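Accompanying notes for the structure given below.
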Amino acid sequence: MKPVSLFFYVVLSGSLFLQAEETPEAPFAVMTPDQVRAFEIEVLEKVADLALIPPVINASPLPKYDYDQLDYGMTIGITRTPKGRLWAAWVAGGDSPEAFFVVNSSDDDGETWSKPRLVIDAQSKNLPRPRSILVGNLWTDPLGRVWLIFDQSMDMFDGRGGVWATICENPDADEPVWSAPRRLWHGVTLNKPVVLKTGEWMLPISLDQRGGLDVFKGCFTELDPLRGANVFVSSDKGATWERRGAATFPNPDWHEHMIVERKDGSLWMLARTAKGIMETVSTDGGRIWTEPTPSAIHHPVARFHVRRLASGKILLIKHGATIETHEGRSQLTAWLSEDEGKTWQGGLMLDERKGISYPDGFQAEDGTIYISYDRNRSTDGEILLARFTEEDILAKELKGPKSKLKMLISRPLARELDGLKAGL
914 MKPVSLFFYV VLSGSLFLQA EETPEAPFAV MTPDQVRAFE IEVLEKVADL
964 ALIPPVINAS PLPKYDYDQL DYGMTIGITR TPKGRLWAAW VAGGDSPEAF
1014 FVVNSSDDDG ETWSKPRLVI DAQSKNLPRP RSILVGNLWT DPLGRVWLIF
1064 DQSMDMFDGR GGVWATICEN PDADEPVWSA PRRLWHGVTL NKPVVLKTGE
1114 WMLPISLDQR GGLDVFKGCF TELDPLRGAN VFVSSDKGAT WERRGAATFP
1164 NPDWHEHMIV ERKDGSLWML ARTAKGIMET VSTDGGRIWT EPTPSAIHHP
1214 VARFHVRRLA SGKILLIKHG ATIETHEGRS QLTAWLSEDE GKTWQGGLML
1264 DERKGISYPD GFQAEDGTIY ISYDRNRSTD GEILLARFTE EDILAKELKG
1314 PKSKLKMLIS RPLARELDGL KAGL
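Residue numbers for the sequence shown follow the numbering used here, beginning at 914 and rising by one.
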């Protein structure tokens, strides 16, 4: 932990009283090791309160956040507006406490992309620890509004985190307006909400089962009963969200869970664990979940994508040339299921290269499927787009006139420019 003055401890904790004649170390001299640790936790939780301050939405990020100033790229999500504009979001700064969000757009179906149009950067030199924006997604709701959902936490995860959302009601405008960020709950959300047959919106929120990381280990133990792959539901078009239930998994990792509503009304949840994908089912709308079991989908410890398509089929984006195999974060492939995830057909190779990961996507009204992903985050930092159809998946090759792979969404240029300067 960075050195912090006693004054800072006192101001943040509000629980330490010093007599005028006491030396600064006097209160600590009489503490037992358990009392010292309790005091450390108390202070660290106050430090974590700095993540409760609403972040600033920067809708004029240039030139400070132009591509020549960025040196990292990890994809977050992609969405489409009712009029066809594409919005993409990614992480800059690193898969680290220094992370922040960058967003750009395309008005020609992903052929070309704008410079960064929106940045959420919560870093500040005034803070005792980094404050990260690291996990989130983009989603177009049934009303046509674009949601940018993101987390804010001290360090990578302070034990509590926080899911925030900013909403754009005019995402096709020349100057889109984003609402003031609103905190929805604790934890993080990586994947899009699902609209249920009831009309409710279901949002997956992960409150990490492992608790706080690094110096924040042991913080916010009162949240332990709520830790897991939570599901939240809104019945008022996103105005309010209510926790409905949660599943917990053995060998926990980042949950990154996704939910598909099956035709029988049950909910099928897939989640990332340290041992691969596991799954669980709820038959009561997400309140109670079955004991998790290993999935037949073999996958590295990485993000995947699964979603119901308009045809009724289920789309799966995974690593590996077959459902039963994978070779790490390479061979990103697309699959379809007509029997609610029991078997899979197709196997369209979206990108065969190594160092690719974190697919996210959606299906447009004309049936076209869009998947974003990243490549070599810390070196190339590319955010890429695959555009294809169900027919392409089944044919295992591109057939559609609009279908196209390895389309560039963004690429950081700072490292490349530094290399050129060094070679002069």
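Every residue gets a Cβ at the ideal spot worked out from N, C-alpha and C, and that includes glycine.
Every value quoted in this text rests on a predicted model; they were computed, and no experiment measured them.
Given a cut-off of 8 Å on the beta-carbon distance, is the pair residue i and residue j in contact?
i	j	result
Asn-1104	Met-1182	no
Asn-1143	Ser-1119	yes
Arg-1242	Gly-1260	no
Leu-1097	Trp-1077	yes
Arg-1042	Met-1067	yes
Leu-1116	Leu-1326	no
Asn-971	Leu-1040	no
Phe-1275	Ile-989	no
Arg-1044	Leu-1136	no
Glu-1204	Val-1107	no
Thr-1186	Phe-1162	yes
His-1218	Asp-1273	yes
Ala-1093	Pro-967	yes
Met-1141	Gln-1122	Reading off the sequence, residue 1141 comes out as Gly, not Met. It is a contact, given that the beta carbons lie within the stated cut-off.
Leu-1139	Ala-1159	yes
Asn-1050	Thr-1102	yes
Ser-1224	Glu-1310	no
According to DSSP, which residues form a beta bridge with residue i?
i	result
Tyr-985	The partner list for Tyr-985 (beta bridge, DSSP) is empty, contrary to what the question assumes.
Ser-1147	Trp-1114
Gly-1141	Leu-1120
Asp-1068	Arg-1044
Arg-1095	Ala-1078
Leu-1298	Ser-1285 and Met-1320
Gln-1258	Leu-1249
Asp-1264	Leu-1245
Pro-1106	For Pro-1106, which the question treats as bridged, DSSP gives no partner whatsoever.
Lys-1231	Thr-1246
Pick out whichever of the options has its Cα sitting closest to the Cα of residue i.
i	options	result
Asp-1064	Gly-1057, Gly-1074, Leu-1056 and Pro-1055	Gly-1074
His-1232	Ser-1224, Gly-1225 and Val-1214	Val-1214
Asp-1166	Phe-1070, Ser-1147 and Ala-951	Phe-1070
Ile-1284	Leu-1263, Pro-967 and Ser-1291	Leu-1263
Gly-1280	Asp-1008, Gly-1151, Lys-1226 and Gln-1036	Lys-1226
Phe-1133	Lys-1317, Met-944, Gly-1100 and Tyr-1286	Gly-1100
Ile-1046	Trp-1052, Val-969 and Lys-977	Val-969
Lys-996	Pro-940, Glu-1278, Val-1016 and Asp-1127	Glu-1278
Ile-1282	Asp-1022, Met-944 and Ala-1002	Asp-1022
Leu-1359	Lys-1315, Thr-1246 and Arg-1266	Outside the shown range of the chain, which is 914 to 1337, sits residue 1359, and nothing can be said about it.
Ser-1019	Ala-1002, Ser-1009 and Ile-1062	Ala-1002
Leu-1228	Arg-1200, Gln-1244 and Lys-1255	Lys-1255
Gly-1198	Ile-1210, Leu-1109 and Arg-1288	Leu-1109
Ser-1208	Val-949, Glu-1310 and Ala-1184	Ala-1184
With a CB to CB cut of under 6 Å and the five nearest residues on each side skipped, what residues in its chain are close to residue i?
i	result
Arg-1216	Glu-1169 and Tyr-1271
Cys-1081	Val-1059, Pro-1089 and Trp-1091
Trp-1257	Ile-1236, Trp-1248 and Ser-1250
Gly-1131	Ile-954
Ser-928	Note on Ser-928: pLDDT 44, under 50, position unreliable in the model; no value is reported.
In angstroms, rounded to a whole number, what distance separates the CA positions of residue i and residue j?
i	j	result
Asp-1149	Glu-1024	36 Å
Gly-1006	Trp-1091	23 Å
Asp-1305	Leu-1298	15 Å
Tyr-980	Asn-1164	38 Å
Glu-1240	Arg-1221	26 Å
Asp-1034	Leu-1056	28 Å
Ser-961	Glu-1011	Inspection of the sequence shows that residue 961 is occupied by Ala rather than by Ser. Approximately 15 Å, taken between the alpha carbons.
Phe-1013	Val-1004	6 Å
Asp-1252	Asp-1177	12 Å
Gly-1189	Pro-940	48 Å
Ala-1234	Ala-1086	41 Å
Tyr-1286	Val-1048	14 Å
Glu-1329	Arg-1290	14 Å
Val-1194	Trp-1202	5 Å
Ala-942	Ala-951	15 Å
Asp-1054	Ser-1316	25 Å
Ser-926	Lys-959	Residue placement at Ser-926 is poorly supported in this model, since its pLDDT is 43, which falls under 50; the coordinates are not used for a value here.
Arg-1300	Leu-1318	6 Å
Leu-1061	Val-949	40 Å
What residues in its chain sit with their C-beta under 8 Å from that of residue i, if we drop five residues either side in the sequence?
i	result
Arg-1350	Summary: the structure shown does not reach residue 1350, with the chain confined to residues 914 through 1337, and so no result is reported for it.
Leu-975	Lys-1028 and Pro-1029
Leu-1321	Trp-1026, Glu-1295, Ile-1296, Leu-1297 and Leu-1298
Asp-1127	Asp-1068 and Met-1069
Tyr-978	Asn-971, Ala-1005, Val-1015, Pro-1029, Val-1032 and Asp-1034
Phe-1129	Leu-957, Ala-961, Met-1067, Asp-1068, Phe-1070, Asp-1071 and Gly-1072
Just checking: is the beta-carbon of residue i within a distance shorter than 8 Å of some beta-carbon in chain B?
i	result
Thr-1203	Absent from the structure is chain B; it holds one protein chain and no more.
Sorted by chain position, which residues of the same chain lie with C-beta nearer than 7 Å to residue i's C-beta, five sequence neighbours on each side aside?
i	result
Pro-1084	Thr-994, Arg-998, Trp-1000 and Val-1059
Thr-1206	Met-1191 and Glu-1192
Glu-1155	Phe-1145 and Val-1146
Asp-1008	Met-987 and Arg-1290
Gln-932	Any reading at Gln-932 needs caution, since the residue's pLDDT is 46, under 50, leaving its predicted position unreliable; the model's value is listed next. Within the same chain, Gln-932 has no close Cβ partners at all.
Gln-1036	Glu-1011, Phe-1013, Pro-1043 and Arg-1044
Gln-1244	His-1232, Gly-1233, Ala-1234, Met-1262 and Glu-1265
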